[in-house]
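Q: This is the structure, below, for whatever I ask next.
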Amino acid sequence: MELQDKTLQERDFWVARGIRLPAYDRQAMREATKRAPVWVHFGTGNLFRGYIAGLQEELLDSGAAVCGILAAETYDRQTVEQMRENDLLCLQAVLCADGTVQKRVIASVAEAAALGGESAADWDALCGWFRAPSLQLVSFTITEKGYRLGPSSDERFPTVEHDMQAGPDALMQSLSGQVTALCRQRFLAGGAPLALLSLDNCAENGRRLSAMIWTMAEEWLARGLAEEAFVRWLKDPGKVSFPWSMIDRITPSPSPDMAAMLAADGVDGMEIRRSAQGGVTAPFVNTEECAYLAIEDAFPNGRPPLERAGVVFAAREVVAKAETMKVCTCLNPLHTALAVFGCLLGHTRIAQEMRDDDLRDFVTRLGREEMLPVAVHPGVFEPEAFLKEVLTRRLPNAFLPDTPQRIAADTSQKMPVRFGRTLAVYASRGSAQELRLIPLVIAGWLRYLVGVDDAGKMFAPSPDPLLPVLQAALAPLSFGRQYRVEQVHEVLAPLLSDPALFGVDLYAAGLGERVEALFTVMTARPGAVRETLRREMREN
Ligand code: CS2
Numbered sequence: 007m008e009l010q011d012k013t014l015q016e017r018d019f020w021v022a023r024g025i026r027l028p029a030y031d032r033q034a035m036r037e038a039t040k041r042a043p044v045w046v047h048f049g050t051g052n053l054f055r056g057y058i059a060g061l062q063e064e065l066l067d068s069g070a071a072v073c074g075i076l077a078a079e080t081y082d083r084q085t086v087e088q089m090r091e092n093d094l095l096c097l098q099a100v101l102c103a104d105g106t107v108q109k110r111v112i113a114s115v116a117e118a119a120a121l122g123g124e125s126a127a128d129w130d131a132l133c134g135w136f137r138a139p140s141l142q143l144v145s146f147t148i149t150e151k152g153y154r155l156g157p158s159s160d161e162r163f164p165t166v167e168h169d170m171q172a173g174p175d176a177l178m179q180s181l182s183g184q185v186t187a188l189c190r191q192r193f194l195a196g197g198a199p200l201a202l203l204s205l206d207n208c209a210e211n212g213r214r215l216s217a218m219i220w221t222m223a224e225e226w227l228a229r230g231l232a233e234e235a236f237v238r239w240l241k242d243p244g245k246v247s248f249p250w251s252m253i254d255r256i257t258p259s260p261s262p263d264m265a266a267m268l269a270a271d272g273v274d275g276m277e278i279r280r281s282a283q284g285g286v287t288a289p290f291v292n293t294e295e296c297a298y299l300a301i302e303d304a305f306p307n308g309r310p311p312l313e314r315a316g317v318v319f320a321a322r323e324v325v326a327k328a329e330t331m332k333v334c335t336c337l338n339p340l341h342t343a344l345a346v347f348g349c350l351l352g353h354t355r356i357a358q359e360m361r362d363d364d365l366r367d368f369v370t371r372l373g374r375e376e377m378l379p380v381a382v383h384p385g386v387f388e389p390e391a392f393l394k395e396v397l398t399r400r401l402p403n404a405f406l407p408d409t410p411q412r413i414a415a416d417t418s419q420k421m422p423v424r425f426g427r428t429l430a431v432y433a434s435r436g437s438a439q440e441l442r443l444i445p446l447v448i449a450g451w452l453r454y455l456v457g458v459d460d461a462g463k464m465f466a467p468s469p470d471p472l473l474p475v476l477q478a479a480l481a482p483l484s485f486g487r488q489y490r491v492e493q494v495h496e497v498l499a500p501l502l503s504d505p506a507l508f509g510v511d512l513y514a515a516g517l518g519e520r521v522e523a524l525f526t527v528m529t530a531r532p533g534a535v536r537e538t539l540r541r542e543m544r545e546n
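In our numbering, each residue carries its 1-based index in the sequence shown increased by 6.
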C-alpha cells in the first residue's frame, strides 16, 4: 500500500500497523487553507516534515486549527516533487529510547511550491499566499548557510548580486530576493502584518533573517527599484516581525533500516532518495522523541495556538538564552565533536560513538567541564538537566539512526555558531588558553578536512560550501608526514586567525599554537587520532 490520500481511506490497513491517521477531513483543510492561508514555510527538509508539520497536525487533530501549512522550497526542488508523489503526506516515525516506534501520518501540508524551475505557476501561487491578509506567519528551516548573502561579509553570491541589481519585479534567483519580493507583493496588496520566523539553529536567528531581507530591500531602494514606504513597512515591528526561536529535535536522515521495516509492513514506495543538492529524503522521516521549541511571542497578525502542541512562547531574551544554551553549549558543540571524530574513527552511528569509551569520555567532559561552566540559564530550561538528558538519553539512543556524517555537513558554517561564543567568553575572562578539549575539536575538524581517516583510508568529507577552499588551503600538509612547526604554522595561521571560521582569532585567544600541535600529531600517521584523544583525556 502506497502512502496517498486515497489509500488513507483504508483505515484498517494503517491502524493494524500501529500507524496513526489524521482525525480531520483533509480535503476540508485544504479548501480552508486555499480560502484563507495562515502559514507558509520555506525549506521542506526532514526537520520541517518530521517536526514542524507535526505541530500543525496536532492542532488540526484537536480542532485548534482548520488550515494546513503551505510549503515552499527554493533549494532542493526534488523534495517537493517527491512529496507530490505522496500527495504531500509524510510518515513520521518517532524512535523512542525504549525501542518502541510511534508512527503517524502527517497530512498538514496543504500545498507545496518549488521555485527555480521552468514554470511560473509555483511562483504565482506563492505570490497569492503572500498577498492574503489572513497570512500570519512565514517560517524557515533553510540551515545556517541559508542566511548568508555571500561567501564572506564583503562579497555577494552571484544570484544575490543579480537580484539586488534586477529589483523585485524581475525573476529572482536567490532565496533572499525571492522572500523580499514576496514581502513586497504583500506590501502592495495592502500590507497586512506578518511574522517571518526563522526556525534554524543559529544564534539570533530572527536577526539574521531580518538582516538578509532588509539588506535586499535597501539595495532596491538605493537603486530606485522599490518604494521607501515598503522598506519602512518591512522595518516596522508592528507590521513585520522577526521572532527569534530555539528549535531542538534530532532528526537523522531517513535510514534504510526504517525503510525496510516499513516495506516489511507492506507500506510501499518508501525508498530513500538523494537529490542533486545532496539532500536525503524519503516519504518517511525518522526522528527522536524529545523535542523543544521556544519562540518569541511577536506575531503582529496573530498566530496558530502552537502552545497547545507543546511550543513555549516567551520573551526574546528568554528564547535567545535557550538557543544559546543549546546551540553554543549543551547540544550542538557536542554533536560537532562527535561528527568529526566519528568520521575519523570509522563510526557510522552517533549511538555507537557513545559506546566508544574514548569518545563518550571526551564528549561528556567537553560538555561538563568546558561548556556547562559558561552555559546561560534561560529559566525555561535548566542547563545541567538538559545536558544530562543529551549525554545519557538522547545521544546514546541506539534506535535513532543518526550519523556523524550527517552532522559533519556544513561544519564550516557551524563552527563559529557553536564554538565562537564560548571561545569569546573564555577569552574575555582571560582563561581561553586553559581550554583543553575545544582546541582538540578544532584540530580534529582540520584533521577531518584532510580527507583521510585514522586508519589511513581516504574518505569523502560531507558536503560543505567551504570544502574546496579549506581543502586547498590545507593541501600543502599531507597525511602521514612529519612537518616542522613553522611549516604547519604557515598553512594553518590564515585559518586559525580567521574569526569568520571560529568566531575569534585563535592566536589572540592563546589557542592557535595548541591547535597546530594537536593537528600535527594527529596527521603524522595512522592511529594518531585515537592515541591523541586518549592521551589528552589522560593528561587533562
Ligand atoms: C545537528 C543538528 O546537523 C547538525 O549539525 O547538530 O541538526 C541537531 O540534530 C539539532 O540541532 C538537534 O536539535
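Using N, Cα and C, we set each Cβ at its ideal position, and we do this for glycine too.
Measuring alpha carbon to alpha carbon, tell me which of V144, G373, S434 and G212 ends up nearest C334.
A: For this step, residue 334 is matched to residue 328 along the sequence shown. Ranking the options by Cα distance to C334, first place goes to G373.
Q: In whole angstroms, what is the alpha-carbon distance linking E537 and E161?
A: Taking the first residue of the sequence shown as 1, we reach residue 537 at position 531. Taking the first residue of the sequence shown as 1, we reach residue 161 at position 155. Each residue's alpha carbon lies about 41 Å from the other.
Q: Between L9 and L97, is the Cβ-Cβ spacing less than 8 Å?
A: Locating residue 9 in the sequence shown gives position 3, counting from the first residue. Locating residue 97 in the sequence shown gives position 91, counting from the first residue. Yes, the Cβ-Cβ distance between L9 and L97 is below 8 Å.
Q: Just to confirm my understanding: we take P482, look at its own chain, exclude 5 residues before and 5 after, and list those with CB closer than 6 Å. What are they?
A: Locating residue 482 in the sequence shown gives position 476, where the first residue counts as 1. So the qualifying residues of the chain are V497.
Q: Figure out for me which residue from L512, G134 and D459 has the closest Cα to the Cα of A530.
A: To locate residue 530, count along the sequence shown from 1; it is residue 524. Of L512, G134 and D459, the residue nearest in Cα terms is D459.
Q: Does the distance between the C-beta of L61 and the nearest non-hydrogen atom of ligand 1 fall short of 7 Å?
A: As a first step, residue 61 is located in the sequence shown; it is residue number 55 there, counting from the start. For ligand 1, not one heavy atom lies less than 7 Å from the Cβ of L61.
Q: Is the beta carbon of A320 less than 8 Å from the beta carbon of D303?
A: Locating residue 320 in the sequence shown gives position 314, where the first residue counts as 1. Locating residue 303 in the sequence shown gives position 297, where the first residue counts as 1. It is a contact, given that the beta carbons lie within the stated cut-off.
Q: Say the cut is 7 Å; is the CB of H353 nearer than that to a heavy atom of ligand 1?
A: Walking along the sequence shown from the start, residue 353 turns up at place 347. Not under cutoff, so the answer is no.
Q: Compute the Euclidean distance between the alpha carbons of G272 and T287, then round it to the nearest angstrom.
A: Position 266 of the sequence shown, counting from 1, holds the residue named residue 272. Position 281 of the sequence shown, counting from 1, holds the residue named residue 287. Approximately 20 Å between the Cα atoms of the pair.
Q: Please list the segments of the beta strand (DSSP E) lying wholly inside the stretch 89-113, counting only runs of 3 or more residues, in order along the chain.
A: Here the runs fully enclosed are 96-101 and 107-112.
Q: Using CA atoms only, rank isn't needed, just tell me which of T398, A438 and F525 is closest to I448.
A: Within the sequence shown, the letter at position 442 stands for residue 448. Taking only the C-alpha atoms, the option nearest I448 is F525.
Q: I'd like to know if E87 contacts chain D, where contact means its C-beta is closer than 8 Å to some C-beta of that chain.
A: The structure shown has no chain D; it contains just one protein chain.
Q: Compare the C-alpha of S548 against each of P407, D93 and T342 and name the closest.
A: Examination of residue 548 is not possible in this model, given that the chain is present from 7 through 546 alone.
Q: Say yes only if the C-beta of R4 is nearer than 7 Å to one or more non-hydrogen atoms of ligand 1, and no if none qualify.
A: What the structure shows of the chain is the stretch from 7 to 546, and residue 4 is not part of that stretch, so it cannot be assessed.
Q: The alpha helix (DSSP H) with V21 in it runs from where to where?
A: Your numbering for residue 21 matches position 15 in the sequence shown. First-last of the alpha helix (DSSP H) with V21: R17 to A22.
Q: Considering Cα atoms alone, identify which of K40, R355, C102 and V369 is closest to A131.
A: One-based indexing of the sequence shown puts residue 131 at position 125. Per the Cα distances, K40.
Q: Count the CB pairs spanning the stretch 145-152 and the stretch 41-60 that are closer than 8 Å, and state whether there are at least three.
A: With a cut-off of 8 Å, the stretch 41-60 and the stretch 145-152 count as touching, because enough Cβ pairs lie within range.
Q: Is the CB-CB distance between S125 and I75 below 8 Å?
A: Residue mapping note: residue 125 aligns to position 119 of the sequence shown, counting from 1. Residue mapping note: residue 75 aligns to position 69 of the sequence shown, counting from 1. For S125 and I75, no; Cβs fall outside 8 Å.
Q: Less than 7 Å between the CB of I413 and some heavy atom of ligand 1, yes or no?
A: Sequence index remark: in the sequence shown, residue 413 carries index 407 (1-based). Because some heavy atom of ligand 1 lies under 7 Å away, the Cβ of I413 counts as near it: yes.
Q: For M507, which option in N546, L539, A479 and V423 has the closest C-alpha, if you only look at C-alpha atoms?
A: To locate residue 507, count along the sequence shown from 1; it is residue 501. A quick correction: the sequence has Leu, not Met, at residue 507. Comparing Cα positions, the closest option is V423.
Q: To the nearest whole angstrom, what separates the beta carbons of S247 and F290, a pair I think is in contact under 8 Å?
A: Position 241 of the sequence shown, counted from the start, is the residue given in the question as residue 247. Position 284 of the sequence shown, counted from the start, is the residue given in the question as residue 290. S247 to F290, Cβ: 34 Å. No contact.
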